[in-house]
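Residue numbers (my numbering): 26 to 302.
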């Protein structure tokens with residue numbers, strides 16, 4: 026059973042399911058499309074809240090949507106084999122009529138497989154609603170780049186405060202392991218990352234001139250805008266983020282919706298703003 030990540034966990038799931046209902050309502054007018062729901066970090070189907078209550082995860086809540094229609098295919102990816110097995114058991118018990126697949130695999134691998142599937146001529150009328158909900162920086166940038174040009178609406182959770190900012194050391198001295206992780210996550214080279222997040226300035230001391238490296242003061246805000254702009258190189262439209270904060274009001278995650286459909290962007294913003302602005 027997954028552990029609850031704070032109030033934002035339920036809010037995040039509520040955003041996705043609300044969007045899914047609106048998405049299905051609109052797509053119900055176009056019966057020639059095959060609709061796929063793809064969840065890259067599906068979990069076990071249940072979440073333990075802070076008060077030890079059991080909440081339904083996004084996978085279960087999306088599966089319960091029947092009005093005005095359901096998705097034609099559900100594809101759930103969960104790397105943890107135990108979680109994947111629990112989710113499959115729950116689906117077979119509660120939703121035996123739904124066409125679904127649960128696979129214990131890396132989300133990066135299955136995103137590549139999704140594109141291979143969409144490239145087949147017989148699948149040209151497929152539309153995908155994808156939910157990518159990692160706890161950390163598991164999603165590589167090149168796994169998102171390959172989604173360009175397809176009929177995909179993507180909700181993605183980005184660990185700006187929890188991940189990116191923590192790897193950007195104040196003194197600019199970042200280990201090779203961490204810089205490699207940043208490169209894979211942001212799809213940028215080390216020089217570009219350093220140039221974006223750090224400034225060099227001369228400081229005069231008793232021993233002469235020294236070059237001091239300073240980190241961008243508003244690194245979290247800068248990283249959030251950077252990721253949004255990077256997403257816009259793949260998708261035509263990207264929402265403003267729903268920012269998830271800890272008890273100290275520090276930004277932890279940024280939740281974006283990316284799409285090639287302007288109307289979908291409007292719906293996403295309508296789902297987010299009234300509830301959580």
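We put the CB at the ideal spot given by N, CA and C, even for glycine.
At least three beta-carbon pairs within less than 8 Å, the segment 151–160 to the segment 113–128: Short answer: they don't touch.
Exposure label - residue 302; buried when at least 16 CB within 10 Å: Because the pLDDT at residue 302 is just 48, under 50, the model does not fix this residue reliably, and the point stays unresolved.
Opposing strand residues paired with residue 238 [DSSP bridges]: Bridge partners of residue 238: 225.
C-beta contact flag for residue 182 and residue 37 at 8 Å: Cβ distance < 8 Å, so residue 182 and residue 37 count as in contact.
Where residue 190 falls, given that 16 or more other Cβ within 10 Å makes a residue buried: By the neighbour-count rule (16 or more Cβ atoms within 10 Å), residue 190 is buried.
Cutoff 8 Å: residue 42 Cβ touching any chain C Cβ: Although the question refers to chain C, the structure presented lacks it and comprises just one protein chain.
Exposure label - residue 288; buried when at least 16 CB within 10 Å: Exposed is the call here.
Per-residue DSSP class, three states only, for residue 107: Here residue 107 sits in helix by DSSP.
According to DSSP, residues forming a beta bridge with residue 62: Answer by DSSP bridge pairing, in chain order: 99, 154.
CB contact flag (residue 100, residue 66, <8 Å): Between residue 100 and residue 66, the gap from beta carbon to beta carbon reaches 8 Å or more.
Whole-number beta carbon distance between residue 80 and residue 72, since they are thought to touch under 8 Å: The beta-carbon separation of residue 72 and residue 80, rounded to 5 Å, stays under the 8 Å limit for a contact.
Top-ranked residue by Cα proximity to residue 119, from 161, 159, 70: Distances from the alpha-carbon of residue 119 to those of 161, 159, 70 put 70 closest.
Top-ranked residue by Cα proximity to residue 51, from 104, 94, 294, 264: With distances taken between CA atoms, residue 51 lies nearest to 94 out of 104, 94, 294, 264.
Nearest-angstrom Cβ-Cβ length linking residue 296 and residue 40, presumed shorter than 8 Å: At roughly 6 Å, the Cβ-Cβ gap stays under 8 Å, so residue 296 and residue 40 are in contact.
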